[in-house]
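Student: Below: one structure in structure tokens.
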Ligand SMILES: C[S@@+](CC[C@H](N)C(=O)[O-])C[C@H]1O[C@@H](n2cnc3c(N)ncnc32)[C@H](O)[C@@H]1O
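In my numbering, the protein residues as written are 4 to 225.
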């Protein structure tokens, strides 16, 4: 299927901040296209009983059930700046909200609704491309993480993103080195770099060879 440049622009805007009926469809497509990436990220979280977990940009919250199945007494908080994604996440995860193990907030990464040093695991998948104010976001991440807390950042690296036409509209690309340097600049030390190749997928009429990077970092002790 061929897309026009205007359609690519619309897809790009929806990936950045899904909304309305199209946003609902895009969120479902992301769950399929980013399945392996989300599964690998969830493994990398290395969750223990009673952890406080904060996710930025959970889309429709499809993977929350997988996180909460990994240990007992978990507290999951999801923040997304798309109100429609928050509403969908609340619908999809109503049973976890009722049991007190999940909460969702309409918030941007720069203003997180949690106290200082209150989070054990902070993670975000496929949002790095949209960060506008690095200082505000990474300072906020530092504020909410406890001293032994981990930040897990998952993204598709520049060499892959460049091949996907919508990303020329207002996406920032990062190599794994650039992303690691960015974290370091804000006092987050990269402890482990994981890289995964994936089988090619068809997206918007194009064959797209996905690959993702997961950076596991902690607050630098020096
Ligand atoms: C490309 S989607 C990724 C969804 C899911 N994490 C995945 O990988 O399939 C980006 C999601 O993050 C949200 N988002 C992007 N930047 C954000 C920010 N600065 N603060 C909060 N949410 C953000 C968007 O609204 C959207 O739901």
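Quick reminder that beta carbons are idealized off the backbone N, C-alpha and C, glycines included.
As the structure is a computational prediction, the values presented were derived from the model and not from experiment.
Answer yes or no: the CB of residue 68 versus the heavy atoms of ligand 1, is any distance below 7 Å?
Tutor: By one-based count along the chain shown, residue 68 stands at place 65. Not so, every heavy atom of ligand 1 lies at least 7 Å from the Cβ.
Student: Short check: CB of residue 221 to CB of residue 194, under 8 Å?
Tutor: Position 218 of the chain shown holds residue 221. Position 191 of the chain shown holds residue 194. Contact: yes.
Student: What residue does the alpha helix (DSSP H) around residue 34 start on, and which one ends it?
Tutor: Translated into the one-based positions of the chain shown, residue 34 becomes position 31. Taken as a continuous stretch (DSSP letters only), the alpha helix (DSSP H) holding residue 34 covers 23 to 36.
Student: Exposed or buried, what is residue 92 when buried is set at 16 or more other beta-carbons lying within 10 Å of its beta-carbon?
Tutor: In the chain shown, the residue the question calls residue 92 occupies position 89. By the 10 Å Cβ count, residue 92 comes out buried.
Student: Which of the three DSSP states, helix, strand or coil, is assigned to residue 133?
Tutor: The residue labelled residue 133 in the question sits at position 130 within the chain shown. Looking at residue 133 - three-state DSSP - the assignment turns out to be helix.
Student: Residue 210 to residue 203, Cα distance in whole Å?
Tutor: Within the chain shown, the letter at position 207 stands for residue 210. Within the chain shown, the letter at position 200 stands for residue 203. If you take the alpha carbons of residue 210 and residue 203, they lie about 6 Å apart.
Student: Look at residue 70 and residue 106 and say whether their C-beta atoms are less than 8 Å apart.
Tutor: Numbered from 1 along the chain shown, position 67 holds the residue referred to as residue 70. Numbered from 1 along the chain shown, position 103 holds the residue referred to as residue 106. No, they are not a contact pair.
Student: When you compare each of 213, 24, 129, 117 to residue 144 by their alpha carbons, which one comes out closest?
Tutor: Here residue 144 is taken as the residue at index 141 of the chain shown, counted from 1. Selected option, being the one with the closest Cα: 117.
Student: For residue 198, which residues of its own chain have a beta-carbon under 6 Å away from its beta-carbon, when the five flanking residues on both sides are left out?
Tutor: Here residue 198 corresponds to residue number 195 of the chain shown, with the count starting at 1. So the list reads 216, once near-sequence residues are dropped.
Student: Tell me the rounded alpha-carbon separation between residue 249 and residue 52.
Tutor: It is not possible to answer for residue 249, since the shown part of the chain is limited to 4 through 225.
Student: Ordered along the chain, which non-local residues of its own chain (more than five positions away) have a Cβ less than 6 Å from that of residue 50?
Tutor: Sequence index remark: in the chain shown, residue 50 carries index 47 (1-based). Around residue 50: 73, 74.
Student: Please name the residue or residues paired with residue 106 in a DSSP beta bridge.
Tutor: Sequence index remark: in the chain shown, residue 106 carries index 103 (1-based). Paired residues: 80.
Student: Any C-beta of chain D sitting closer than 8 Å to the C-beta of residue 16?
Tutor: No chain D appears in this structure, which consists of one protein chain only.
Student: May I ask you to list the residues that DSSP assigns as paired with residue 60?
Tutor: Numbered from 1 along the chain shown, position 57 holds the residue referred to as residue 60. Note: residue 60 sits in no beta bridge, so no partner.
Student: Measuring CA to CA, which of 112, 102, 200 is closest to residue 163?
Tutor: For the purposes of this step, residue 163 is taken as the residue at position 160 of the chain shown. Comparing Cα-Cα distances from residue 163 to each of 112, 102, 200, the minimum goes to 200.
Student: Can you look up residue 127 in the DSSP assignment and give me helix, strand or coil?
Tutor: Sequence index remark: in the chain shown, residue 127 carries index 124 (1-based). Residue 127: strand per DSSP, three-state reduction.
Student: On the DSSP bridge assignment, give the partners of residue 1 in chain order.
Tutor: This structure cannot settle anything about residue 1, because the visible part of the chain is limited to 4 through 225.
Student: May I ask which residues mark the beginning and end of the alpha helix (DSSP H) holding residue 153?
Tutor: Sequence index remark: in the chain shown, residue 153 carries index 150 (1-based). No alpha helix (DSSP H) holds residue 153; the beta strand (DSSP E) holding it covers 148 to 158.
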